[in-house]
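First residue of the sequence shown? That's 179 in our numbering, and the numbers climb one at a time after it.
See below for the structure under consideration.
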Amino acid sequence: MNKKICITGASKGIGLAEAKLLSENNELFLHASNKSSFKDTSFKNAHLFGQDFTNLENVAIFVEELKQKTDSLDILVNNAGLMFIEKFADFLDKDINTLLTLNLHAQLLVTKKLIPLLLKSKDPHIIFMSSMSAKNRIIGESVYAATKAGIMQFAHVLRNELAGKIRVSTIHSWGVNTWNDTEGAEILSPGSIAETLEFIISRKRPFLVESIDLGHEAHWNGAAAPWSPKL
Ligand SMILES: NC(=O)c1ccc[n+]([C@@H]2O[C@H](COP(=O)([O-])OP(=O)(O)OC[C@H]3O[C@@H](n4cnc5c(N)ncnc54)[C@H](OP(=O)(O)O)[C@@H]3O)[C@@H](O)[C@H]2O)c1
């Protein structure tokens, strides 16, 4: 593809799988909360960045560092995010703040600050990693769902505002096994999300994958929860 691709949350899990899949013919700009988070430094053509986005001042520092390496970008993958599960009444204030800041506010600021670089590309594309939690009502995921629904709706409006200039896509996924490749066979693998990303960004204009929902045949997929009566 020979593209300049920026991926946040690229030190592990889904972002790392995406970076590995796209590393062959592209120049990668990989971000995590700290440079030391990158255990795999075998990428051929990658620049590594580390800033904690729960402090929003660090977003500007990241963008300034990135601008020292490039003045344009083809692809921005807004992937960095965390999930805390708790009944809302028991949620710690600091955890609410972390989720809203990292999953939502930081993604908006990263996007805003990188749009000028993307506009220098002939075929720019922004991809947001949302979640099927944005579309469901799973107990314990109130704050996470709020951030992912926020990103989903933000992306819908941004897609219209940037139409004809920058393509905007959103991935909504059910559970992904980001902790152990040999366990969790009944959920998606990080590699399957990476392949989906590759599919989305390799479609030729004017084709646009606006958003995509990913599930697993063996998963309960919201139709029935594990605690629902058996059919
Ligand atoms: N796993 C799932 O089941 C699933 C399903 C649907 C959607 N998603 C979404 O997919 C994305 C990736 O999830 P994942 O499961 O691959 O997560 P993960 O394995 O926990 O990786 C999270 C990534 O985000 C970075 N990150 C965490 N805290 C940060 C901070 N304060 N500042 C900057 N970067 C930070 C991490 O960097 P460090 O290594 O430095 O901490 C890491 O690279 C998230 O947005 C998540 O909500 C996940």
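Ideal Cβ placement from N, Cα and C applies to all residues, glycine included.
Model, not experiment: these values are computed from the prediction.
Could you round the C-beta distance between residue i and residue j to whole angstroms and report it? I think they count as a contact, below 8 Å.
{"i": "Ile390", "j": "Ile349", "result": "6 Å"}
{"i": "Met330", "j": "Ala312", "result": "5 Å"}
{"i": "Asp249", "j": "Lys298", "result": "7 Å"}
{"i": "Gly228", "j": "Ser214", "result": "7 Å"}
What residue does the alpha helix (DSSP H) around residue i start on, and which one ends it?
{"i": "Ser370", "result": "368 to 380"}
{"i": "Lys175", "result": "With the chain covering only 179 through 409, there is no way to say anything about residue 175."}
{"i": "Val241", "result": "235 to 245"}
{"i": "Asn275", "result": "271 to 277"}
Could you have a look at residue i and say whether DSSP puts it in helix, strand or coil?
{"i": "Ser214", "result": "helix"}
{"i": "Glu395", "result": "coil"}
{"i": "Met310", "result": "helix"}
{"i": "Glu339", "result": "helix"}
{"i": "Ala224", "result": "strand"}
{"i": "Arg282", "result": "The question names Arg, yet the displayed sequence has Leu at residue 282. Correct three-state label for Leu282: helix."}
{"i": "Phe262", "result": "coil"}
{"i": "Val354", "result": "strand"}
{"i": "Leu297", "result": "coil"}
{"i": "Ile304", "result": "strand"}
{"i": "Ser320", "result": "helix"}
{"i": "Ile390", "result": "strand"}
{"i": "Gln331", "result": "helix"}
{"i": "Asp268", "result": "helix"}
{"i": "Thr232", "result": "coil"}
{"i": "Ser248", "result": "According to the sequence shown, residue 248 is Thr rather than Ser. In the structure shown, Thr248 sits in coil (DSSP, three-state: anything other than H, G, I, E or B)."}
{"i": "Thr325", "result": "helix"}
{"i": "Thr289", "result": "helix"}
On a CA-only basis, which of the options is nearest residue i? Give me that one, please.
{"i": "Leu375", "options": "Ser351, His397, Glu205, Thr289", "result": "Ser351"}
{"i": "Leu251", "options": "Phe231, Ile185, Phe221", "result": "Ile185"}
{"i": "Met307", "options": "Ser220, Leu392, Phe221, Leu340", "result": "Leu392"}
{"i": "Lys326", "options": "Leu194, Asp301, Phe262", "result": "Phe262"}
{"i": "Gly191", "options": "Phe221, Asn257, Gly228", "result": "Asn257"}
{"i": "Glu373", "options": "Leu292, Ile183, His209, Leu200", "result": "Leu200"}
{"i": "Asp230", "options": "Ile365, Leu292, Ser189, Ala312", "result": "Ser189"}
{"i": "Glu242", "options": "Phe221, Ser220, His209", "result": "His209"}
{"i": "Ala324", "options": "Lys382, Leu278, Lys247", "result": "Leu278"}
{"i": "Arg383", "options": "Gly228, Glu339, Asp301", "result": "Asp301"}
{"i": "Pro368", "options": "Ile183, Gly187, Lys182", "result": "Gly187"}
{"i": "Glu388", "options": "Phe266, Ala396, Phe332", "result": "Phe332"}
{"i": "Ala396", "options": "Phe377, Glu364, Met310, Phe221", "result": "Glu364"}
{"i": "Asn338", "options": "Phe269, Phe216, Leu386, Phe221", "result": "Leu386"}
{"i": "Pro294", "options": "Phe240, Lys245, Lys222", "result": "Lys245"}
Looking at the secondary structure, which residues open and close the beta strand (DSSP E) in which residue i lies?
{"i": "Val346", "result": "345 to 351"}
{"i": "Leu200", "result": "Where Leu200 is concerned, there is no enclosing beta strand (DSSP E), although the alpha helix (DSSP H) it sits in stretches over 191 to 200."}
{"i": "Asn204", "result": "Element bounds for Asn204: n/a, residue is neither H nor E."}
{"i": "Asn256", "result": "253 to 256"}
Could you tell me whether the Cβ atoms of residue i and residue j are closer together than 8 Å?
{"i": "Leu413", "j": "Val346", "result": "Because the chain here runs from 179 to 409, residue 413 falls outside it and cannot be looked at."}
{"i": "Asp371", "j": "Ile305", "result": "What sits at residue 371 in the sequence shown is Ile, not Asp. Contact flag unset, no."}
{"i": "Leu296", "j": "Leu260", "result": "no"}
{"i": "Leu206", "j": "Ala197", "result": "yes"}
{"i": "Gly353", "j": "Glu264", "result": "no"}
{"i": "Leu280", "j": "Thr232", "result": "yes"}
{"i": "Val237", "j": "Lys272", "result": "no"}
{"i": "Leu366", "j": "His394", "result": "yes"}
{"i": "Asn212", "j": "Met179", "result": "no"}
{"i": "Ala284", "j": "Leu226", "result": "no"}
{"i": "His303", "j": "Ile274", "result": "no"}
{"i": "Leu282", "j": "Gly328", "result": "yes"}
Practice item. With ligand 2 as the reference, list in chain order each residue whose Cβ lies under 6 Å from any of its heavy atoms. Key: As for ligand 2, it is missing from this structure, which binds only ligand 1.
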